[in-house]
Amino acid sequence: MSVYVFSPTTGYMWAQNYYCNFNGNPPHTVVNPYDGGSWCCPIDVSGSENDNVWLQFDGGGNDAGCLSITTTQWSGVCASDPAPWNDAVIVRFYSGANATGTLLGEVMFAHLKNRIANQTFNTHNAATAMVIGNLAGDCNCGCAHGVHTHMQGSNTYSPSFSCNQSLTAGQWVYRVG
Ligand SMILES: [Zn+2]
């Protein structure tokens with residue numbers, strides 16, 4: 005059983021592993037937080053400034069689902085730009101309660117303001133939706149221009165999207181486990 009993480013906003017897929025709109029651009033950036041996880045699969049999801057950024061996932065059900073998550077603030081997304089573009093929330097999914105058991109995977113949401121605090125939540129294999137921040141203004145950090153959140157995963161899978169494909173809150177963008 006896998007945990008499916010849904011689009012954090014209603015917006016558009018602006019970039020994925022490779023930039024959508026330019027031939028010859030370098031691969032879309034993966035940033036490496038302190039934990040050195042095997043991050044991959046970067047995507048940019050557009051929205052409007054101050055939109056809520058939703059962490060939504062299906063919980064995975066009772067068979068090897070997700071009993072708990074943690075939210076961790078991290079800064080270091082951009083090489084040279086300040087908060088809030090530099091700021092992210094890393095969500096970690098655990099098989100056990102109170103952030104125990106197996107670390108199933110991680111999803112990062114970057115360029116957020118009003119970030120959720122560092123916390124642990126027992127989610128009991130259940131579908132979960134919570135606001136973890138708000139979209140910052142036009143991104144000034146060398147990835148896609150315009151208001152968006154940069155996402156990436158560790159021990160996750162992301163499907164191949166079409167460039168500029170619309171995304172809704174009901175569409176999964178990462179599969180954990
Ligand atoms: Zn990005």
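In the numbering used here, each residue's number is its place in the sequence shown (first place is 1) plus 4.
We put the beta carbon where it would ideally sit given N, CA and C, even for glycine.
* Minimum C-alpha distance to Ser72 - residue among Phe125, Thr160 and Thr14 -> What you label residue 72 is simply residue 68 of the sequence shown in a count that begins at 1. Checked all of Phe125, Thr160 and Thr14; the closest Cα to Ser72 is Phe125.
* To do: Note the first and the last residue of the continuous beta strand (DSSP E) segment covering Ala140.
  => In the sequence shown, the residue the question calls residue 140 occupies position 136. First-last for Ala140: undefined, no H or E at that position.
* With Val9 and Trp58 assumed to form a contact (beta carbons below 8 Å), what rounded beta-carbon distance in angstroms separates them? -> On the sequence shown, position 5 is the one that residue 9 refers to. On the sequence shown, position 54 is the one that residue 58 refers to. With 8 Å as the limit, Val9 and Trp58 do not qualify as a contact, their Cβ atoms being about 10 Å apart.
* Between Met5 and Asp62, what straight-line distance do the alpha-carbon atoms span, to the nearest angstrom? -> Within the sequence shown, the letter at position 1 stands for residue 5. Within the sequence shown, the letter at position 58 stands for residue 62. When rounded, the distance between both Cα atoms is 11 Å.
* Asked: Ala83 to Ser42, Cα distance in whole Å?
  -> Looking up residue 83 in the sequence shown gives position 79. Looking up residue 42 in the sequence shown gives position 38. So the two alpha carbons sit approximately 19 Å from each other.
* **8 Å Cβ cutoff met for Ile120 and Thr75** => The residue you call residue 120 lines up with position 116 of the sequence shown. The residue you call residue 75 lines up with position 71 of the sequence shown. Going by C-beta atoms, Ile120 is nearer than 8 Å to Thr75.
* Would DSSP call Val180 helix, strand or coil? -> The residue given as residue 180 occupies position 176 in the sequence shown. Correct three-state label for Val180: strand.
* Asked: Hey, how far is the Cα of Cys44 from the Cα of Asn159?
  -> Taking the first residue of the sequence shown as position 1, residue 44 is located at position 40. Taking the first residue of the sequence shown as position 1, residue 159 is located at position 155. One C-alpha to the other measures close to 8 Å.
* To do: Look at the Cβ atom of Thr153, then the Cβ atom of Thr14, and state whether they are nearer than 8 Å.
  => Counted from its first residue, the sequence shown places residue 153 at position 149. Counted from its first residue, the sequence shown places residue 14 at position 10. In this structure, Thr14 does not lie closer than 8 Å to Thr153 by Cβ.
* Asked: What residues are listed by DSSP as bridge partners for Trp43?
  -> Here residue 43 refers to the residue found at position 39 when the sequence shown is read from its first residue. Ser158.
* Is the CB-CB distance between Leu116 and Glu53 below 8 Å? -> Start at 1 with the first residue of the sequence shown, and residue 116 comes out as number 112. Start at 1 with the first residue of the sequence shown, and residue 53 comes out as number 49. No, Cβ-Cβ distance for Leu116 and Glu53 is not below 8 Å.
* Whole-angstrom distance between Asn90 and Gly80, CA atom to CA atom -> Within the sequence shown, residue 80 is the residue found at index 76, counting from 1. Within the sequence shown, residue 90 is the residue found at index 86, counting from 1. Their backbone Cα atoms lie some 5 Å apart in a straight line.
* At what residues does the beta strand (DSSP E) containing Ile73 begin and finish? -> Within the sequence shown, numbered from 1, the residue matching residue 73 stands at position 69. Ser72 to Ser79 is the span of the beta strand (DSSP E), which, as asked, contains Ile73.
* Nearest candidate by alpha-carbon position, reference Gly95, set Gln156, Ala87, Pro88 and Ala101 -> Against the sequence shown, residue 95 aligns to sequence position 91. For clarity, residue 95 is Val in the given sequence; the question names Gly instead. Cα-wise, what sits closest to Val95 is Gln156.
* To do: Determine the direct distance from the alpha carbon of Met17 to that of Asn102, and round the result to whole angstroms.
  => Numbered from its first residue, the sequence shown carries residue 102 at position 98. Numbered from its first residue, the sequence shown carries residue 17 at position 13. Approximately 33 Å, taken between the alpha carbons.
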